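J.: The structure under discussion is supplied below as structure tokens; questions concerning it will follow.
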Amino acid sequence: MNLSVLLATEGTYPFHGGGVSTWCDTLIRNLSEYDFVLLSVMMHPYLKTQYQLPDNVKAHIKVPLWGIESPSEFGENLADRATEQVIKSDFVPLFSHFLQEICSKEDCAKSVAKLIVAMYDYFRVYDYQDTFSSKAVWIAFQNFFRKQPVSLAELVEALRLLYRFFIVLLVELPRTDITHSAAAAFCGLPCVIARIKCGTPYLLTEHGVYLREQYLNLRKHIKSVWVRAFLCRLIKAVVQVNYYCADQISPVCRFNKRWELWHGADVAKLKVIYNGVDPEKFKPASVESDRPIVANVGLIFPLKGQLDLIEAASIVRKRHNDVKFRFYGYPSDLDYYRRCVRRVQELSLEDVVKFAGKTTEPWKVYNEAAVVAFASVSEGFPYVVIEAMSCGAACVATDVGGVSEALKGCGMLVKPRRADQMAEAISYLLDRPDLRRKLGLAARQRVLELFTQQKFLQLYRQSYLSLARRG
5 MNLSVLLATE GTYPFHGGGV STWCDTLIRN LSEYDFVLLS VMMHPYLKTQ
55 YQLPDNVKAH IKVPLWGIES PSEFGENLAD RATEQVIKSD FVPLFSHFLQ
105 EICSKEDCAK SVAKLIVAMY DYFRVYDYQD TFSSKAVWIA FQNFFRKQPV
155 SLAELVEALR LLYRFFIVLL VELPRTDITH SAAAAFCGLP CVIARIKCGT
205 PYLLTEHGVY LREQYLNLRK HIKSVWVRAF LCRLIKAVVQ VNYYCADQIS
255 PVCRFNKRWE LWHGADVAKL KVIYNGVDPE KFKPASVESD RPIVANVGLI
305 FPLKGQLDLI EAASIVRKRH NDVKFRFYGY PSDLDYYRRC VRRVQELSLE
355 DVVKFAGKTT EPWKVYNEAA VVAFASVSEG FPYVVIEAMS CGAACVATDV
405 GGVSEALKGC GMLVKPRRAD QMAEAISYLL DRPDLRRKLG LAARQRVLEL
455 FTQQKFLQLY RQSYLSLARR G
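Numbering of the sequence shown is given in my numbering, commencing with residue 5 and proceeding in unit increments.
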């Protein structure tokens, strides 16, 4: 009988493309000796899957945070209606203690983990929506912050967001041999609960630094400074709970490891496992082009920095008037994509910059390009970088996350949000074809030594077996 794994994701596989989804799909398909239960925390219930799930995915649990009035609209709803008296006596003390812990203590992982399990147990019996929309919970929430300079509207928004994020506590946990979360996030809470209630070994992989990326995202999406501060405390507590309960924490690069240690992860649990690519699929090939191409591959999203690369394109064109910039990727943020298109028009770059859409053959893109450029503001250990390296591409990238660990000695690094530095590095490589070939050969060799799919899968097999024996 195959060992079973609960794999939890948030905002990625199988509904969106990108590096984390590539990682999930590669892991599941190639570890066919394991049975997977996939748990996807998703924005709303109307998303279409972008990946056909492999046969060893035995169940798919979908947890939509938005697009529903009541959590009872998805899954089974076997909970009893909750009266004000029950809520006041059974839930409010837990809820008030939870607020006290996340807002008053820096190191609250142990106590918050227990409170999350207690709230999970409560919601096995009593209705979630009844509870969070009750007068008792509202009064408790309002009273807790009564001494702070906060408006009624801000309190309503904060409680509304907490209601949405904690919907994951309604998941009826399947029994598996191992749990595995793709982020130290809300999707990891079912793994935390299984660890505490059932002793199920928990493996945590962190791609980007979830806490850092949420800090950046909140500045864009939440106007209220007070609400942002509350959510930062909440997210930090959730991250620390994941670190505290995980049996093994496997960041995809050493850069992430530093953040994890800063926020309470036990160094004895940390084991870096780099992402890996198939060098037979991503390999050098000769592709002719009439004009030099600078290619960018990745979701069109603020953290990927396409706006900065457009600014760089306007500078590069002054020295290389025949250059073409090609952006390949799905616009996961339509507002940001419109800003990119508008900026191309403002800079009169319509004959230089083209948004080519999603590609199903990225190896062709890397081989056609004279330079592959990545302008990310935040990263973990991006697949697109090691894919380009495996194809022998000359790369210019921002020095964020684990990018420098990938490109060490075989690419050019610049500071993030510095279009002038990006443009200078691109122009430097366009002027030096011999250097591009030299960097490409070194990049290919580095992938073969350190970042192959075979090595990546071998390390996860070993981790699963080790945790299963411990369980």
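Beta carbons are placed, not taken as given, at the ideal position from N, Cα and C, and that holds for glycine.
Source: prediction; values computed, not measured.
1. With DSSP as the reference, please indicate the residues paired to Cys-1 in a beta bridge.
2. Contact between the stretch 317 to 335 and the stretch 463 to 473 is defined here as three or more beta-carbon pairs at a separation below 8 Å; is this criterion met?
3. What's the gap between the Cα of Leu-103 and the Cα of Val-381?
4. Output needed for Thr-26: all residues of its chain with C-beta closer than 7 Å, excluding positions within five of it in sequence on either side, in chain order.
5. Measure from the alpha carbon of Arg-474 to the alpha carbon of each residue in Leu-193, Asp-435, Asp-181, Thr-30, then state which is nearest.
6. Give me the Cα-Cα distance between Val-356 and Thr-209, rounded to the nearest whole angstrom.
7. Whether or not the stretch 406 to 424 and the stretch 296 to 307 are in contact is what I'm after, with contact meaning three or more pairs of Cβ atoms, one per stretch, closer than 8 Å; do they touch?
8. Please list the terminal residues of the continuous alpha helix (DSSP H) segment that includes Gln-310.
9. Write down every uninterrupted run of the beta strand (DSSP E) in the stretch 52 to 96 whose length is 3 residues or greater and which is fully enclosed by it, in chain order.
10. Touch check for the stretch 362 to 380 and the stretch 390 to 398: three-plus C-beta pairs under 8 Å?
11. Taking one C-beta from the stretch 448 to 457 and one from the stretch 272 to 287 each time, how about it: are there three or more such pairs within less than 8 Å?
12. Does Arg-440 pass the burial test, meaning 16 or more other C-beta atoms within 10 Å, or should it be called exposed?
13. Going by beta carbon distance, what residues of the same chain come within less than 8 Å of Asp-424, once the five residues before and after it are set aside?
14. Express the C-alpha separation of Val-375 and Leu-434 in angstroms, rounding to a whole number.
15. Residues in its own chain within less than 6 Å of Pro-75 by CB, not counting five upstream and five downstream?
16. Can you give the Cα-Cα distance for Ser-100 and Ser-155, rounded to whole angstroms?
17. Run through DSSP, which three-state label would Ser-100 get?
18. Give, in chain order, every unbroken run of the beta strand (DSSP E) that is at least 3 residues long and sits entirely within the stretch 323 to 378.
19. From the DSSP secondary-structure annotation, give me the bridge partner or partners of Leu-11.
20. Could you say which of Thr-53, Asp-438, Asp-282 lies nearest to Phe-460 if we only look at CA atoms?
21. Which same chain residues, not among the five before or five after Ala-162, have their C-beta less than 7 Å away from its C-beta?
22. Is the CB-CB distance between Leu-57 and His-48 below 8 Å?
23. For a quick check, are the C-beta atoms of Val-418 and Asp-438 less than 8 Å apart?
24. Would you mind reading off the limits of the beta strand (DSSP E) that contains Glu-210?
25. For the stretch 8 to 17 and the stretch 31 to 51, state whether three or more C-beta atom pairs, one from each stretch, are separated by less than 8 Å.
26. Assign Gly-444 to one of two classes, buried (16 or more other C-beta atoms within 10 Å of its C-beta) or exposed (fewer than that).
27. For Asp-312, count the other beta carbons within 10 Å of its own beta carbon; 16 or more makes it buried, fewer makes it exposed. Which is it?
28. When the Cβ atoms of the stretch 65 to 72 are set against those of the stretch 116 to 136, are three or more pairs found closer than 8 Å?
29. Hey, could you find the ends of the alpha helix (DSSP H) Leu-220 is sitting in?
30. In the DSSP assignment, what are the bridge partners of Ser-254?
31. CB Ser-228 to CB Glu-158, shorter than 8 Å?
32. Taking the alpha helix (DSSP H) that Ile-200 falls in, what are its first and last residues?
33. Leaving out five residues before and five after Asn-6 in sequence, what residues of the same chain have Cβ atoms less than 7 Å from its Cβ?
34. Starting from Ala-299, trace the beta strand (DSSP E) both ways and give me its first and last residue.
35. As a quick exercise: from Gly-309, Leu-207, Gln-462, pick the residue whose alpha carbon is nearest that of Val-9.
36. Could you give the C-beta distance for Lys-273 and Ala-250, rounded to a whole number, given that I count them as a contact under 8 Å?
T.: Inspection of the coordinates gives the following:
1. Coverage of the chain is limited to positions 5 through 475, which leaves residue 1 absent and any answer about it impossible.
2. no
3. 32 Å
4. Tyr-387
5. The shortest Cα separation from Arg-474 among Leu-193, Asp-435, Asp-181, Thr-30 belongs to Asp-181.
6. 39 Å
7. no
8. 310 to 323
9. Listed in chain order, they are 61 to 68.
10. yes
11. yes
12. buried
13. Ala-316, Ile-319
14. 7 Å
15. Tyr-132, Ile-171, Leu-174
16. 19 Å
17. Ser-100 falls in the helix class under three-state DSSP.
18. When DSSP assignments are scanned along the stretch 323 to 378, the uninterrupted stretches of beta strand (DSSP E) that are 3 or more residues long and fall wholly within it turn out to be 328 to 332, 357 to 361, 375 to 378.
19. Leu-42, His-184
20. Asp-282
21. Val-231, Phe-234
22. no
23. no
24. From DSSP, the beta strand (DSSP E) with Glu-210 extends over 206 to 210.
25. yes
26. Buried, because 16 or more other Cβ atoms sit within 10 Å of the Cβ of Gly-444.
27. buried
28. Fewer than three pairs of CB atoms, one per stretch, sit closer than 8 Å, so the stretch 65 to 72 makes no contact with the stretch 116 to 136.
29. 214 to 225
30. Paired residue(s): Thr-209.
31. yes
32. 193 to 202
33. Glu-37, Tyr-38, Asp-39
34. 297 to 301
35. Per the C-alpha coordinates, the member of Gly-309, Leu-207, Gln-462 positioned closest to Val-9 is Leu-207.
36. 6 Å
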